[in-house]
Amino acid sequence: MTTPDGGPDQAPTRAWLPTMVALAAIWGCSFLFISVGVRELPPLYLALGRVLAGSVVLLAILAVKREPLPRDPRLWAHSFVVGAIGSAIPWTLFGYGEERIPSLLAGIWNGITPLIVLPIAVLIFRTEKFSAQRGFGLLIGFLGVLVVLGAWRVQGGADLAGQGLCMLAAVFYGLAIPYQKRFLAGTPVSGTALSTALLLCATIQLAVVAPLVTGQAPPAPWSLSLKVVLSVLALGALGSGLAFVLNMRNIRLIGASRSSMVTYLMPVFSILVGVIVLHEHITWYQPVGGLIVLAGVAVSQGLVTNLRRKPPLPAEAPA
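Note that the UniProt record's numbering has the sequence shown beginning at 1, numbered continuously upward.
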């Protein structure tokens with residue numbers, strides 16, 4: 001989802017902080033909903049339900065605002081790519097990952113996205129410049145990843161596979177964000193219309209791929225438990241609908257760069273709801289590693305030295 005960085009620099013904290021906390025809560029709780037959803041749904045169909053519900057919400061918002069969908073074929077072509085690498089693929093990978101690991105750990109892995117964005121933006125899309133400080137931040141973040149993995153005690157199996165899938169999901173996020181910045185930023189199309197196009201493309205992709213990969217038709221909604229149905233609706237309506245509206249509001253108030261700091265709050269909520277609601281267990285080195293990763297993100301984005309002089313790399317980290 002792309003909107004040019006902007007918005008008043010001096011917006012009062014009370015105008016945007018509650019919205020940022022609500023946004024972090026919605027995206028952080030998404031991992032709980034994924035964990036509940038994969039109990040009865042194949043991850044591909046869970047992702048399909050999410051993008052479908054999100055598309056319906058955003059289409060309704062467009063109808064209320066009387067805004068049209070994009071008309072430029074090139075924009076739709078780029079939306080098709082971003083719909084795949086920014087929504088369909090990573091949301092499916094998180095589903096497969098959470099079949100093997102706790103939701104709170106998946107939330108921690110989501111926090112590495114900004115670290116992946118930086119080298120891809122520098123080396124592939126040439127939308128960012130590299131520096132010694134950013135390199136040092138990446139090194140800190142890499143050490144944090146090893147701590148989250150518990151590299152000194154990894155023995156393979158489902159846990160390692162699940163963490164690898166969630167890490168790969170973050171890699172796809174890392175590809176999608178600079179791709180959007182390179183090919184979609186600055187278009188005259190509104191953020192709502194553009195995001196609707198992305199979700200519609202992801203819906204078409206998953207509607208084709210899910211039956212082929214799973215070898216089965218989508219389950220009837222009435223065959224699912226109420227918890228799973230509500231989880232799918234929450235993922236789409238909240239995580240891909242309302243969350244977008246809230247994020248766009250903050251971007252207008254404080255700019256995309258400062259709005260991306262929601263990344264730091266999301267793992268807090270994913271851990272809290274995982275422990276309190278799902279009674280998941282966590283080992284000491286996983287949250288410690290997550291904090292090290294976030295410290296690396298802060299260093300690489302220049303938050304440690306001077307937030308105003310060197311703003312962070314714009315990076316959404318939806319789950």
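Idealized CB from N, CA, C, for every residue including glycine.
Integer Cβ distance of residue i from residue j, believed to fall under 8 Å
{"i": "L184", "j": "L194", "result": "7 Å"}
{"i": "L112", "j": "V145", "result": "Looking at the sequence itself, residue 112 is Ile, so the reference to Leu does not match. Contact holds; Cβ gap of about 6 Å."}
{"i": "S55", "j": "T196", "result": "7 Å"}
{"i": "I108", "j": "P267", "result": "5 Å"}
{"i": "C29", "j": "F269", "result": "6 Å"}
{"i": "L93", "j": "L165", "result": "5 Å"}
{"i": "L175", "j": "I120", "result": "6 Å"}
{"i": "I292", "j": "L143", "result": "6 Å"}
{"i": "V229", "j": "P221", "result": "6 Å"}
{"i": "A170", "j": "N110", "result": "6 Å"}
Enclosing alpha helix (DSSP H) for residue i [first to last residue]
{"i": "W16", "result": "13 to 37"}
{"i": "P188", "result": "P188 -> no alpha helix (DSSP H), and no H or E assigned at all."}
{"i": "W76", "result": "73 to 83"}
{"i": "Q286", "result": "285 to 300"}
{"i": "E141", "result": "Note on identity: in this sequence residue 141 is Gly, with Glu being the wrong assignment. Its alpha helix (DSSP H) spans residues 132 to 149."}
Residue i and residue j closer than 9 Å at C-beta
{"i": "L115", "j": "L200", "result": "no"}
{"i": "L149", "j": "I282", "result": "no"}
{"i": "S87", "j": "S240", "result": "yes"}
{"i": "L32", "j": "S225", "result": "no"}
{"i": "I89", "j": "F172", "result": "yes"}
{"i": "V51", "j": "W91", "result": "yes"}
{"i": "A48", "j": "G37", "result": "Ala is not the amino acid found at residue 48; the sequence shown has Leu there. Not a contact, by the Cβ cut-off of 9 Å."}
{"i": "F136", "j": "V21", "result": "no"}
{"i": "Q301", "j": "R39", "result": "no"}
{"i": "V189", "j": "L59", "result": "no"}
{"i": "G83", "j": "L198", "result": "yes"}
{"i": "L278", "j": "I26", "result": "no"}
{"i": "G289", "j": "V147", "result": "yes"}
{"i": "A217", "j": "L44", "result": "no"}
{"i": "L17", "j": "L246", "result": "no"}
{"i": "L168", "j": "A53", "result": "no"}
Three-state secondary structure assigned by DSSP to residue i
{"i": "S270", "result": "helix"}
{"i": "K227", "result": "helix"}
{"i": "M261", "result": "coil"}
{"i": "P43", "result": "helix"}
{"i": "D5", "result": "In this prediction, D5 scores a pLDDT of 41, lower than 50, which makes its location untrustworthy; the coordinate-derived value is nonetheless stated afterwards. Coil, per DSSP."}
{"i": "P102", "result": "coil"}
{"i": "R50", "result": "helix"}
{"i": "L194", "result": "helix"}
{"i": "R66", "result": "coil"}
{"i": "V277", "result": "coil"}
{"i": "K129", "result": "coil"}
{"i": "A218", "result": "The sequence shown places Pro at residue 218, rather than the Ala named in the question. Correct three-state label for P218: coil."}
{"i": "G111", "result": "coil"}
{"i": "I61", "result": "helix"}
{"i": "I282", "result": "coil"}
{"i": "I124", "result": "coil"}
{"i": "L313", "result": "With a pLDDT of 48 at L313, under the threshold of 50, the predicted position of this residue should be treated as unreliable, though the coordinate-derived value follows. If DSSP states are grouped into helix, strand and coil, L313 belongs with coil."}
Among the options, the one whose alpha carbon lies nearest that of residue i
{"i": "Q180", "options": "N250, L212, F125", "result": "F125"}
{"i": "V297", "options": "G83, L46, E280, L265", "result": "L265"}
{"i": "G191", "options": "L62, L52, S223", "result": "L62"}
{"i": "G97", "options": "L198, A15, A161, V82", "result": "A161"}
{"i": "L212", "options": "P42, W16, L23", "result": "P42"}
{"i": "A202", "options": "V277, A77, Y285, L118", "result": "A77"}
{"i": "E99", "options": "S223, A169, S35, Q286", "result": "S35"}
{"i": "L294", "options": "P18, T263, D159", "result": "T263"}
{"i": "D159", "options": "R182, A217, A106", "result": "A106"}
{"i": "T13", "options": "I254, P73, K65, V273", "result": "I254"}
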